[in-house]
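Enquirer: One structure, pasted below without further comment.
There are 2 protein chains.
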Amino acid sequence: MKEKKADIIAVAKAARVSPSTVSRSFNHPELVKAATRKRIDATVRRLGYIRNRAAQTIHGIRGGTIGLIVPTVDHAIFSELIQSFSERVEEQGFTILLASHGYRLKREYAIARKMLEHRVDGMALIGLEHSEDTYGLLQQQNTPTVLLWNYSDDAPMPCVGSDNYLAGRLIGDHVVRLGHRSIAAVFPPISGNDRALQRLYGVEDALAARGLEIAGDWRLETPYSVSAAKNKVARLISFPQRPTAIICGNDVLAWGALHALRREGVAVPEDVTITGIGDFHGSRDFEPSLTTVRIPAHTIGSKAAKLIVALIGNEGDSESGELVPPELLIRSTSGPVR
Amino acid sequence: MKEKKADIIAVAKAARVSPSTVSRSFNHPELVKAATRKRIDATVRRLGYIRNRAAQTIHGIRGGTIGLIVPTVDHAIFSELIQSFSERVEEQGFTILLASHGYRLKREYAIARKMLEHRVDGMALIGLEHSEDTYGLLQQQNTPTVLLWNYSDDAPMPCVGSDNYLAGRLIGDHVVRLGHRSIAAVFPPISGNDRALQRLYGVEDALAARGLEIAGDWRLETPYSVSAAKNKVARLISFPQRPTAIICGNDVLAWGALHALRREGVAVPEDVTITGIGDFHGSRDFEPSLTTVRIPAHTIGSKAAKLIVALIGNEGDSESGELVPPELLIRSTSGPVR
DNA sequence: AATAGTTTTGCAAATGTTTTCATTTTTTGT
DNA sequence: ACAAAAAATGAAAACATTTGCAAAACTATT
Chain A
7 MKEKKADIIA VAKAARVSPS TVSRSFNHPE LVKAATRKRI DATVRRLGYI RNRAAQTIHG
67 IRGGTIGLIV PTVDHAIFSE LIQSFSERVE EQGFTILLAS HGYRLKREYA IARKMLEHRV
127 DGMALIGLEH SEDTYGLLQQ QNTPTVLLWN YSDDAPMPCV GSDNYLAGRL IGDHVVRLGH
187 RSIAAVFPPI SGNDRALQRL YGVEDALAAR GLEIAGDWRL ETPYSVSAAK NKVARLISFP
247 QRPTAIICGN DVLAWGALHA LRREGVAVPE DVTITGIGDF HGSRDFEPSL TTVRIPAHTI
307 GSKAAKLIVA LIGNEGDSES GELVPPELLI RSTSGPVR
Chain B
7 MKEKKADIIA VAKAARVSPS TVSRSFNHPE LVKAATRKRI DATVRRLGYI RNRAAQTIHG
67 IRGGTIGLIV PTVDHAIFSE LIQSFSERVE EQGFTILLAS HGYRLKREYA IARKMLEHRV
127 DGMALIGLEH SEDTYGLLQQ QNTPTVLLWN YSDDAPMPCV GSDNYLAGRL IGDHVVRLGH
187 RSIAAVFPPI SGNDRALQRL YGVEDALAAR GLEIAGDWRL ETPYSVSAAK NKVARLISFP
247 QRPTAIICGN DVLAWGALHA LRREGVAVPE DVTITGIGDF HGSRDFEPSL TTVRIPAHTI
307 GSKAAKLIVA LIGNEGDSES GELVPPELLI RSTSGPVR
């Protein structure tokens, strides 16, 4: 069992060439004679040799990894984004180093640090809200970084994402325009989550524009889960005084709300209007189909992938990111107030 | 801009000690005097020095990464598993290298190879079905590996997962026992997907035990998406000859089926029974709540994490994996045939 | 067959760390 | 104050590669 793994020297010996030649046949194949290369390749296969990226990285060669830190992968929220980002980045020969911080910004810093120890070629973070330390670290090491999901002109780093404030505003305006005046909101905890906060601001401003606001006990805060949202909303509508519309911070919460209303026999949208934000997989096909604001995760993921790869390539050149606009999707869960 | 990043030698110079001491103060702090360590730490902070794992890895020191290759992260299916696995593994100081192969086993091999180049300390794959090459590669490099999601006694490598055949069997028996005789099945494509295949076998055997089988045009194959399943099922029930039960290969597909029936005004479970497999987030709270078989993703993820870490630690010692039993959850979408 | 040019190869230094062993410094017991 | 023991540090070799430069081996041209 102790046959140690083959290294480049073993290969060189077995193929009767120098290590340099083996190295070259990997990295600059055009510089080595076809015959030699063939011989080397055969030997490599015979010995089961696998290059050691770590030893390359040491020479300042790019390791081909990109760090991606997300709050969570558990729920539907980021999976579409992660998928498209990683797919695109893999096409370019990169592998992603993934970690989640559970909405703890301190933990995010620690993870970023560890990824830097691994000498990732670039980093991608979710949202614009990060600890000073994290920003400082990335800047100081000048690691190419993109911020995903949220876009802002004055972000400290290139970002590609949507305008979450606008998303909130769009849905808020829509609901108000339908004539609703008694409006509730169900949002996730906003600490460490600038996306949710921006959305909430957007909604509030939309209401404020008509002199409306969300009553204190109609502001529900729930974790990201169908189940939690369902419970909260079920309680909400059990009171005699009911809102005519419930604006949810994201689609998962809206699904929960929808299930709650269905169980209680409240008609949507006749009795209550429900809206989401996100347009996750499944929202379009929900019955009734969910009115929401599309945050184009797929587009964001692939644009971000393109950007980070460019950033890693051009080093100096600072590309500036991109705003992918949110889009209001009026479907069947919203209707005029009765 | 050209101030090259600080290395251990720069730190040593600035702190007026030798590189060895700096190294030690990181790796064996107890061997260096408190005062010196303090001086070093300060210098490290001042210069913004970050250790280079690549340079450590070269010395055979574990890099602290574990490769995780999944078919896809896009859908709900694996996200719970990925989350719990990565969370647990991070607790132990590892970072995960994630990639998805899109159900292409050839691609999986290429990814595994690349991860081995990065000298991951261990690997985790989904399912038991992998190309000969992949198995050979992992064995030959003797990289600690766990197979997730599916369990089988005679798997070629330690696996922790559920018994997908049994899962299919459980749900099949349940449906048959309710008196259904006209049964349809909606499954994902089974190529490169042993989980789905096992489930289907389980269902078929359950039916066969009563002399039943699924008619040719009642075997629907659809991609993993609510939308695709919804369409297929909508078409299915538009024919005069209708099944009284539809067994879905996983919960996502079942959701699609449920939405289709709702749209068509078919009562569940009065007119048609629907079942899923997986018990994803949201299935319990669906209205009506989904009868399904629980594949305990969370448990699998954390047990697998424990196992791989143990495997990496003990090197030689071969732990054997674990079967996490599936559990039938009878909820509201299944009922006796009328 | 000799020359010049080109292609292919090898040597040796370099990369950023860890580790073994030897040396220096500090502590302890008298 | 002194030797012996213990603790802290440094020098140098090792790790698996890449690369600049020079040498060697071919080709083409005369």
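Protein chains in written order, with our numbering: chain A, 7 to 344; chain B, 7 to 344.
From the three backbone atoms N, C-alpha and C, an ideal C-beta is built for every residue, glycine too.
None of these values were measured; they are calculated from a predicted model.
Shortest alpha-carbon distance to R52 of chain A belongs to which of B:W155, B:L267, B:G142 and B:V152?
Expert: Minimum Cα distance to R52 of chain A is reached at B:G142.
Enquirer: Quickly, what does DSSP pair L296 of chain B with across the bridge? List them, please.
Expert: Looking at the DSSP assignment, L296 of chain B forms no beta bridge with any residue, so it has no partner.
Enquirer: Contact criterion: CB-CB distance below 8 Å. Does A82 of chain A meet it with respect to chain B?
Expert: It does; some Cβ of chain B falls within 8 Å.
Enquirer: Between the alpha carbons of R269 of chain B and P294 of chain A, how many angstroms are there, rounded?
Expert: For R269 of chain B and P294 of chain A, the distance between alpha carbons rounds to 8 Å.
Enquirer: Please list, in chain order, the chain A residues whose beta carbon lies closer than 8 Å to that of A118 of chain B.
Expert: Correct list: empty, because the minimum Cβ distance to chain A is about 10 Å.
Enquirer: Suppose you measure from the CA of P246 of chain B to the CA of Y109 of chain A; what does that come to, to the nearest Å?
Expert: Their backbone Cα atoms lie some 51 Å apart in a straight line.
Enquirer: Quick one: residues in its chain with C-beta nearer than 7 Å to the C-beta of H136 of chain A, no 5 flanking neighbours on either side, listed in chain order?
Expert: L111 and E114, listed in sequence order.
Enquirer: Using the Cα positions of I152 of chain B and A118 of chain B, report the straight-line distance between them to the nearest angstrom.
Expert: According to the sequence shown, residue 152 of chain B is Val rather than Ile. Looking at the two C-alpha atoms, the distance is approximately 13 Å.
Enquirer: What residues from the stretch 40-63 of chain B come within 9 Å of chain A, judged by C-beta to C-beta, listed N to C?
Expert: Those residues of the stretch 40-63 of chain B that come within reach of chain A (Cβ to Cβ, closer than 9 Å) are G54, I56, R57, N58, R59, A60, A61, Q62 and T63.
Enquirer: I want to verify the contact list: residues of chain A whose CB lies under 9 Å from the CB of S233 of chain B, in sequence order.
Expert: Going along chain A in sequence order, the residues near S233 of chain B (Cβ under 9 Å) are H287, G288, R290 and D291.
Enquirer: Does V17 of chain B come out as helix, strand or coil in the three-state DSSP assignment?
Expert: V17 of chain B: helix per DSSP, three-state reduction.
Enquirer: For G70 of chain A and V126 of chain A, what's the separation of their Cα atoms in angstroms?
Expert: Roughly 7 Å separates the two Cα atoms.
Enquirer: DSSP three-state call for M163 of chain B: helix, strand or coil?
Expert: Of the three classes helix, strand and coil, the one that applies to M163 of chain B here is coil, per DSSP.
Enquirer: Along the beta strand (DSSP E) that carries V1 of chain A, what are the first and last residues, could you check?
Expert: Any question about residue 1 of chain A goes unanswered here, given that chain A covers just 7 to 344.
Enquirer: Report the rounded CA-to-CA distance for K8 of chain A versus N148 of chain B, giving the unit in angstroms.
Expert: Low local confidence applies: a pLDDT of 46 at K8 of chain A is under 50, so the model's placement there is unreliable, with the coordinate-based value given in what follows. Cα-Cα distance, rounded: 11 Å.
Enquirer: With a CB to CB cut of under 7 Å and the five nearest residues on each side skipped, what residues in its chain are close to S24 of chain A?
Expert: Answer for S24 of chain A: A18, listed in chain order.
Enquirer: Give a yes or no on whether 8 Å exceeds the smallest Cβ distance from R30 of chain A to chain B.
Expert: Judged by the 8 Å Cβ criterion, R30 of chain A is not in contact with chain B.
Enquirer: Find the nearest neighbour of F100 of chain A within the set A:V166, A:I283 and A:G73, judged by alpha-carbon distance.
Expert: Per the Cα distances, A:G73.
Enquirer: Between the stretch 242-262 of chain B and the stretch 283-294 of chain B, do three or more beta carbon pairs fall short of 8 Å?
Expert: Touching, yes.
Enquirer: Less than 8 Å between the CB atoms is what I'm expecting for G178 of chain A and A212 of chain A, so what's the real figure, rounded?
Expert: Right, the Cβ-Cβ distance comes to about 3 Å (below 8 Å), so this counts as a contact.
Enquirer: So, at 6 Å on beta carbons, what are the nonlocal neighbours of V79 of chain A in its own chain, with the 5 sequence-adjacent residues on each side left out?
Expert: Once the five neighbours on either side are set aside, the close Cβ partners of V79 of chain A are S106.
Enquirer: Could you work out which residues of chain B lie near L144 of chain A, taking near to mean beta carbons separated by less than 8 Å?
Expert: Those do not exist, as L144 of chain A stays about 11 Å from chain B at its closest Cβ, beyond 8 Å.
Enquirer: Starting from the beta carbon of A105 of chain A, find every residue of chain B whose beta carbon is closer than 8 Å, and list them in chain order.
Expert: Correct list: S92, E96, T101 and I102.
Enquirer: Taking 6 Å as the limit between beta carbons, can you name the residues of its chain near C165 of chain A, skipping five residues before and five after?
Expert: Closer than 6 Å at the Cβ level, and outside the excluded window around C165 of chain A, lie L153, Y157 and G327.
Enquirer: Return the chain-ordered list of same chain residues with a C-beta closer than 8 Å to the C-beta of G208 of chain A, the five sequence neighbours on each side being excluded.
Expert: Excluding sequence neighbours, G208 of chain A sits near N170, Y171, L172, A173, G174, R175, L176, I177 and G178.
Enquirer: Entirely within the stretch 36-77 of chain A and at least 3 residues each: give me those beta strand (DSSP E) ranges in chain order.
Expert: Segments of the beta strand (DSSP E) lying fully in the stretch 36-77 of chain A: 71-76.
Enquirer: Could you check the C-alpha separation between L87 of chain B and R187 of chain A for me, to the nearest Å?
Expert: Cα to Cα, the separation comes out at about 42 Å.
Enquirer: Over what stretch of residues does the beta strand (DSSP E) that includes E333 of chain B continue unbroken?
Expert: From DSSP, the beta strand (DSSP E) with E333 of chain B extends over E333 to L335.
Enquirer: Starting from the Cα of L144 of chain B, find the closest Cα among B:D160, B:P194, B:W155 and B:E123 and give me that residue.
Expert: Nearest of B:D160, B:P194, B:W155 and B:E123 to L144 of chain B, Cα basis: B:E123.
Enquirer: In terms of DSSP beta bridges, what is A251 of chain A paired with?
Expert: Partner(s): A:I189 and A:T279.
Enquirer: If you count every other CB in all the chains shown that lies within 10 Å of the CB of P342 of chain A, and 16 or more means buried, which is it?
Expert: Under this definition P342 of chain A is an exposed residue.
Enquirer: Could you tell me which whole alpha helix (DSSP H) segments of length 4 or greater appear in the stretch 101-129 of chain A?
Expert: The qualifying runs are 111-123.
Enquirer: Opposite R225 of chain B in the DSSP bridges: which residues?
Expert: Beta-bridge pairing links R225 of chain B to B:A191.
Enquirer: Figure out for me which residue from B:I314, B:G319, B:G185 and B:R337 has the closest Cα to the Cα of A130 of chain B.
Expert: Selected option, being the one with the closest Cα: B:I314.
Enquirer: State buried or exposed for D200 of chain A, treating a residue as buried only when at least 16 other CB atoms are found within 10 Å of its CB.
Expert: Buried, by the Cβ-count rule.
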